[in-house]
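Take a look at the structure set out below.
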């Protein structure tokens, strides 16, 4: 089995390599909108964008965890209150849908709204109708962040939706492919463990950095 551990140095390294697989001239000419699905993805999107003036935003979302397992994500809700459910896990844990929808509302009210006010100063999410959107993240372990973002963004009637991600599981790539116009990635890994394993260094993104990136969005 090929060893993927530390295959990327850091987000800067990942961004440079992704610039080689993303059609950057089209990104500029067609004024693609960069939308991250995580804090680390926001930093990566900024690095990929570089000196271009394309708009940049973050779609906030929160996990919904199994009631008896605080580490198992069974669904996710976005800031637009779109919900994506892992039906297999919900069935396996015999979770009621009332619980999912109740938790989604609570997470939105208690967490997501605070992110919007803190990081975006209460401003609404970018209007992406008839725009070309590039969803970004530094990795994807289950695909739920991307699936939630896809459901949310597609509901806003964009012109096209692409994904840029450094590393992801092979089965997640197959899951996402029918919903995105194209996926730009560096490594699709069969026995995926966790995203941090594939970077030598993956620094935490502090709150000031997030605020600055979103303040500077075009």
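In my numbering, the protein residues as written are 1 to 218.
Glycine is no exception: its CB is placed at the ideal position from the N, C-alpha and C atoms.
What's the gap between the Cα of residue 67 and the Cα of residue 96? The sequence position of residue 67 within the chain shown is 67, counting from 1. The sequence position of residue 96 within the chain shown is 96, counting from 1. Whole-angstrom Cα-Cα distance: 10 Å.
Check each candidate in 198, 52 and 161 and name the one with the smallest Cα separation from residue 3. For the purposes of this step, residue 3 is taken as the residue at position 3 of the chain shown. Out of 198, 52 and 161, 198 has the C-alpha closest to the C-alpha of residue 3.
Can you tell me which of the three DSSP states residue 102 falls into? Taking the first residue of the chain shown as position 1, residue 102 is located at position 102. In the structure shown, residue 102 sits in a helix (DSSP, three-state: H, G or I).
Which residues in the same chain have their Cβ closer than 7 Å to the Cβ of residue 12, if we skip the five residues on either side of it in sequence? As a first step, residue 12 must be located in the chain shown, where it is residue number 12. Result list for residue 12: 47, in chain order.
Does the structure place the segment 26 to 33 close enough to the segment 130 to 144 that three or more beta carbon pairs sit under 8 Å? yes
Beta-carbon proximity check, residue 172 vs residue 195, cutoff 9 Å: Within the chain shown, numbered from 1, the residue matching residue 172 stands at position 172. Within the chain shown, numbered from 1, the residue matching residue 195 stands at position 195. Not in contact: residue 172 and residue 195 (Cβ atoms no closer than 9 Å).
Per DSSP, cross-strand counterpart(s) of residue 8: In the chain shown, counting from the first residue as 1, residue 8 sits at position 8. Answer is 199, bridged to residue 8.
Unbroken stretches of the alpha helix (DSSP H), 4 residues or longer, contained in the segment 39 to 80: 39 to 49
What's the gap between the Cα of residue 221 and the Cα of residue 124? No answer is possible for residue 221: the residues shown for the chain start at 1 and end at 218.
Please report the residue range of the beta strand (DSSP E) in which residue 168 lies. In the chain shown, residue 168 corresponds to position 168, counting from 1. First-last of the beta strand (DSSP E) with residue 168: 160 to 169.
For residue 120, count the other beta carbons within 10 Å of its own beta carbon; 16 or more makes it buried, fewer makes it exposed. Which is it? The residue given as residue 120 occupies position 120 in the chain shown. Classification of residue 120: buried, given that the 10 Å Cβ count is 16 or more.
Report back the beta-carbon spacing between residue 10 and residue 201 to the nearest angstrom; my notes put them in contact at under 8 Å. In the chain shown, the residue the question calls residue 10 occupies position 10. In the chain shown, the residue the question calls residue 201 occupies position 201. About 5 Å separates the two Cβ atoms, so the contact holds.
For residue 56 and residue 214, I'd like the C-alpha separation in whole angstroms. Residue 56 sits at position 56 when you count from the first residue of the chain shown. Residue 214 sits at position 214 when you count from the first residue of the chain shown. Each residue's alpha carbon lies about 7 Å from the other.
How many angstroms separate the CA atom of residue 65 from the CA atom of residue 142? On the chain shown, residue 65 is found 65 positions in, with the first residue counted as 1. On the chain shown, residue 142 is found 142 positions in, with the first residue counted as 1. Rounded to whole angstroms, residue 65 to residue 142 spans 13 Å at the Cα level.
How would you label residue 193, buried or exposed, when you count the other beta carbons within 10 angstroms and need 16 or more for buried? Counted from its first residue, the chain shown places residue 193 at position 193. Residue 193 should be labelled exposed.
Pull up the distance between the alpha-carbon of residue 144 and that of residue 159, whole angstroms please. Here residue 144 is taken as the residue at index 144 of the chain shown, counted from 1. Here residue 159 is taken as the residue at index 159 of the chain shown, counted from 1. If you take the alpha carbons of residue 144 and residue 159, they lie about 22 Å apart.
What are the start and end residues of the alpha helix (DSSP H) that includes residue 146? Looking up residue 146 in the chain shown gives position 146. Where residue 146 is concerned, the enclosing alpha helix (DSSP H) stretches over 144 to 154.
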